[in-house]
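A short worksheet on the structure shown next.
Numbering (this note's numbering), first residue to last: -16 to 129.
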């Protein structure tokens, strides 16, 4: 989670919402990283999770399947990212701060545990939630001042 927080902090240069993500393989090695880049890239799909998953797929060697891998992200995944995590066949999704407005891993929706889906990764929430939440609150407080 510390590595994901470092990615989130790096969003400051592009004025993107500070969300960072990493993908770990079964041995705990980082095989993909991502940070929000919607503003930087002008791409609505450039969420930290999506970029980390794309990077991990290039390294993992099992096509689009990330079996045995864990996605670690500083903010609860949205519906798009939760869907991608399920489709990638991740074993686990770990997130820090809950997102009651758009979270799809238990807050607003619970796509990752929906029994109708063919693959449901384990979901772990809360590690370093205070630190991730503070980073987000600071970002939005600063944005409101502009």
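The C-beta atom is built at its ideal place from N, Cα and C for all residues, glycine as well. Quick caveat: nothing in here was measured; it's all calculated off a predicted structure.
- Cβ-Cβ distances below 6 Å link residue 82 to 58, 59 and 90 in the same chain, with the five nearest sequence neighbours on each side left out; the list follows chain order.
- In this structure, DSSP gives residue 69 a helical state, which the three-state scheme calls helix.
- Between residue 108 and the set 55, 98 and 34, the nearest pair of CA atoms involves 55.
- Excluding sequence positions up to five before and after residue 29, its CB lies within less than 6 Å of the CB of 20 and 21, all in the same chain and listed in chain order.
- Taking a contact to require three or more Cβ pairs closer than 8 Å, the stretch 40 to 48 and the stretch -6 to 2 do not qualify as touching.
- It is roughly 35 Å from the alpha-carbon of residue 75 to the alpha-carbon of residue 127.
- Residue 26 sits in coil when the DSSP states are folded into three classes, being neither helix nor strand.
- A check of alpha carbon separations from residue 88 across 64, 73 and 70 identifies 64 as the nearest.
- Remark: C-beta atoms of residue 1 and residue -9 approach each other more closely than 9 Å.
- Taking the Cβ atoms as the reference, residue 7 lies roughly 5 Å from residue 53, within the contact range of under 8 Å.
- Judged by DSSP in its simplified three-state form, residue 125 adopts helix.
- The bridge partners DSSP lists for residue 107 are 77.
- If you look at residue 36, you'll find it in the alpha helix (DSSP H) that goes 31 to 43.
- Annotated as proximal: residue 80 and residue 112, with beta-carbon spacing under 9 Å.
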